[in-house]
Amino acid sequence: MKSPVSLTRPVRTGDAPRRISILGATGSVGTSTVDVILGRPGAFEVEAVTAGTRAAELAEIAIRLKARIAVVADPSCHGALVEALAGTGIAAAAGEAALIEAAARPVDLVVAAIVGAAGLAPTMAAIEAGSDIALANKECLVCAGSLFLGRAEAAGVHVLPVDSEHNAIFQALEAENMPAVRSITITASGGPFRSWTREAMQRASVAEALNHPRWSMGPKITIDSATMMNKGLEVIEAHHLFGLDADRLEVVVHPQSVVHGWITYADGSILAQLGAADMRIPIAHCLAWPRRYATETKPFDLVSIGTLTFEKPDLERFPALALARGALSGGDRATNILNAANEVAVDAFLKGGIGFLDIAACVAETLDRLAGGSGLPDIDSVAAALAVDGEGRRVARAVLGGRRALRTG
Ligand SMILES: NC(=O)c1ccc[n+]([C@@H]2O[C@H](COP(=O)([O-])OP(=O)(O)OC[C@H]3O[C@@H](n4cnc5c(N)ncnc54)[C@H](OP(=O)(O)O)[C@@H]3O)[C@@H](O)[C@H]2O)c1
């Protein structure tokens, strides 16, 4: 098993503030990161904060964190950002190039919390600049995992997993015992439809799918949790981060979301990480690593929780998980297409255009139509990753255009 980049522990001496940037600062992970930073006055100097469109929210965050620059990806939001930051001394910029320039400002750590494949180019720019990465944006690894980690290794940067399950594994992993890892298990809450029938799931409304029982997250990952595509993306993420083949990466449904993941070692020992379903915990772990910070999270009491339960995932009702495993065996191009089709289908579902089960059906059909990947480039550059992503989106939209072909039953 190859070593993940993040296992070489740096020695941190002294208490100089850590220089940090947050990509996707206005989102769910982004604002949890802001909370962690504000809870440690003097521990951080913030260089750049970025958002997609929400200029007013971004300006407020930039002011609270005393950031040097704020960037919105959407150029039409530039005026609003400039106005909101007038007189603060914080630079304002907009557009794709400005976002990449901000991500490439060298800092100690970049929190990569943009949602979707849109996060790939800026996060790669941060890697090329030599900044360590606290990676929430799992789509980077799903779209271009080998390229992403290859570049990180070449640049000598650490990639620290923010995703709670991968952060759990990262915490339980003993670098010197990597060859003795028998398997890695990540848990899934099961989402809002854990006990629903397929018929009920096909009629599920957007509001019902967004009603996650445990985690408060952005809309895309919340729908991914309801389909369990999120867990499929996480198996792909774990494969890249920890260097294990799919047959040693297990998924277990654990509705209480207390145990986030565990490692089974060859001697029969199992090391797990437990904690509240609060993203500030894994974020604080990455921001402090290899140290630990105190957080403001609520006291956690296993006795009052009482019972922890574990189930096998139902692949009939949640086919997305099997689709992701299948794509993983097809390599980076297949997982990139899986992600592109999923982004298109989730967006269509959120806009009320398709039924809930149509999401996985669209992904399956897109993968089928692009099977073999003839004419698509190998993913050896960001441009190639985005070209495959673009083709995946085009085919997924065509699939949705002829929706009667979908096999939702
Ligand atoms: N939320 C969680 O608890 C959680 C847990 C584990 C992993 N993750 C992963 O972390 C990532 C972020 O998730 P989230 O739930 O925080 O998402 P979110 O709440 O939707 O936030 C997404 C962030 O990305 C920005 N953004 C959206 N489109 C963009 C674009 N085209 N270019 C640049 N910026 C763009 C958004 O800006 P605007 O606000 O302006 O739209 C926002 O700041 C995802 O990859 C997710 O899978 C999330």
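The UniProt record's numbering numbers the first residue of the sequence shown as 1 and each following residue consecutively.
Note that the Cβ used here is the ideal one computed from N, Cα and C, for glycine as well.
Residue i, buried or exposed, once every other Cβ within 10 Å from all chains shown has been counted against 16
{"i": "A154", "result": "exposed"}
{"i": "F310", "result": "exposed"}
{"i": "I270", "result": "exposed"}
{"i": "G409", "result": "Low local confidence applies: a pLDDT of 44 at G409 is under 50, so the model's placement there is unreliable, and no value is given."}
{"i": "R203", "result": "exposed"}
{"i": "G116", "result": "buried"}
{"i": "R280", "result": "buried"}
{"i": "T197", "result": "exposed"}
{"i": "A266", "result": "exposed"}
{"i": "E176", "result": "exposed"}
{"i": "I20", "result": "buried"}
{"i": "residue 434", "result": "The question about residue 434 has no answer here: the residues shown for the chain are numbered 1 through 409."}
{"i": "G87", "result": "exposed"}
{"i": "S131", "result": "buried"}
{"i": "S32", "result": "buried"}
{"i": "M1", "result": "Low confidence applies here, because M1 scores a pLDDT of 44, under 50, leaving its location unreliable; read the following figure in that light. Flag for M1 reads exposed."}
{"i": "G392", "result": "buried"}
{"i": "residue 414", "result": "Outside the shown range of the chain, which is 1 to 409, sits residue 414, and nothing can be said about it."}
{"i": "A200", "result": "exposed"}
{"i": "A209", "result": "buried"}
{"i": "D15", "result": "exposed"}
When the options are compared against residue i, the one with the closest alpha-carbon
{"i": "F349", "options": "P219, A246, I379 and G392", "result": "P219"}
{"i": "G24", "options": "G401, I379 and V110", "result": "V110"}
{"i": "E139", "options": "D132, P377 and A121", "result": "A121"}
{"i": "P10", "options": "V206, D108, L274 and A204", "result": "D108"}
{"i": "V363", "options": "A276, N342 and G352", "result": "N342"}
{"i": "V318", "options": "L357, S374, A288 and C77", "result": "Note on identity: in this sequence residue 318 is Phe, with Val being the wrong assignment. For F318, the nearest C-alpha among the options comes from L357."}
{"i": "S257", "options": "P213, R325 and A118", "result": "P213"}
{"i": "S28", "options": "A43, E57 and P17", "result": "E57"}
{"i": "D368", "options": "A152, A384, L338 and I379", "result": "L338"}
{"i": "F300", "options": "A200, L274 and E83", "result": "L274"}
{"i": "A152", "options": "A126, D15, V34 and L302", "result": "A126"}
{"i": "C77", "options": "A59, A67, P179 and G89", "result": "A59"}
{"i": "A102", "options": "I22, A209, G326 and P17", "result": "I22"}
{"i": "R44", "options": "A284, L244 and A91", "result": "Note that residue 44 is Phe in the sequence shown here, rather than Arg. Of A284, L244 and A91, the residue nearest in Cα terms is A284."}
{"i": "D380", "options": "G372, V346 and G331", "result": "G331"}
{"i": "R325", "options": "C286, L244 and S374", "result": "L244"}
{"i": "I30", "options": "P17, V303, G14 and G52", "result": "Per the sequence shown, residue 30 should be read as Gly rather than Ile. For G30, the nearest C-alpha among the options comes from G52."}
{"i": "N211", "options": "V34, F193 and A118", "result": "F193"}
{"i": "P106", "options": "C286, V157, G373 and L287", "result": "V157"}
{"i": "I169", "options": "S195, A84, C286 and L302", "result": "C286"}
{"i": "G268", "options": "A288, A180 and G375", "result": "A180"}
Integer-rounded CB distance, given that residue j should sit under 8 Å from residue i
{"i": "V344", "j": "A396", "result": "4 Å"}
{"i": "residue 444", "j": "A188", "result": "It is not possible to answer for residue 444, since the shown part of the chain is limited to 1 through 409."}
{"i": "I37", "j": "L81", "result": "Rounded, the Cβ-Cβ distance is 20 Å, inconsistent with contact."}
{"i": "A184", "j": "E234", "result": "First, the residue type needs correcting, since residue 184 is Ile and not Ala in the sequence shown. Contact doesn't hold; Cβ gap of about 11 Å is too wide."}
{"i": "A48", "j": "I69", "result": "5 Å"}
{"i": "A387", "j": "T227", "result": "Wrong, their Cβ atoms sit about 26 Å apart, outside the cutoff."}
{"i": "residue 429", "j": "A104", "result": "Residue 429 lies beyond the residue range present for the chain, which begins at 1 and ends at 409; the question has no answer from this structure."}
{"i": "N167", "j": "P282", "result": "4 Å"}
{"i": "A276", "j": "T297", "result": "6 Å"}
Same chain only: Cβ atoms within 8 Å of residue i, ignoring 5 sequence neighbours per side
{"i": "V382", "result": "L120, A121, M124, A144 and L147"}
{"i": "V206", "result": "F349, L350 and G352"}
{"i": "E328", "result": "Strictly speaking, residue 328 in this sequence is Leu, with Glu absent from that position. Cβ neighbours of L328 beyond the five flanking positions: V235, I236, H239, A246, A334 and T335."}
{"i": "L141", "result": "L135, F148, L149, I236, E237, H240 and L241"}
Sequence-distant residues of the same chain with beta carbon closer than 7 Å to residue i, five excluded per side
{"i": "R394", "result": "none"}
{"i": "N230", "result": "I221 and D224"}
{"i": "L135", "result": "A112, V159, L160, P161 and V162"}
{"i": "G190", "result": "V253 and P255"}
{"i": "E165", "result": "I186, T187, E234, H260 and G261"}
{"i": "V251", "result": "I186, A188, K231, V235, P313 and L321"}
{"i": "M217", "result": "S28"}
{"i": "R40", "result": "Y293"}
{"i": "P377", "result": "A384, A387 and V388"}
{"i": "C84", "result": "A small fix is needed here, since residue 84 is Ala in this sequence, not Cys. The residues are A55, A56 and A59."}
Residues near residue i by beta carbon distance below 6 Å, same chain, minus five either side
{"i": "R54", "result": "T26"}
{"i": "G355", "result": "Q202"}
{"i": "G95", "result": "P75"}
{"i": "G402", "result": "none"}
{"i": "A322", "result": "L315"}
{"i": "R248", "result": "S183"}
{"i": "L99", "result": "T50, V71, A73 and P122"}
{"i": "A340", "result": "D389, G392 and R393"}
Residues bridged to residue i (per DSSP)
{"i": "Y265", "result": "V181"}
{"i": "T50", "result": "V71"}
{"i": "Q202", "result": "Looking at the DSSP assignment, Q202 forms no beta bridge with any residue, so it has no partner."}
{"i": "F44", "result": "R18"}
{"i": "P161", "result": "L135"}
{"i": "A226", "result": "Answer is none; A226 lacks a bridge partner."}
{"i": "E250", "result": "T185"}
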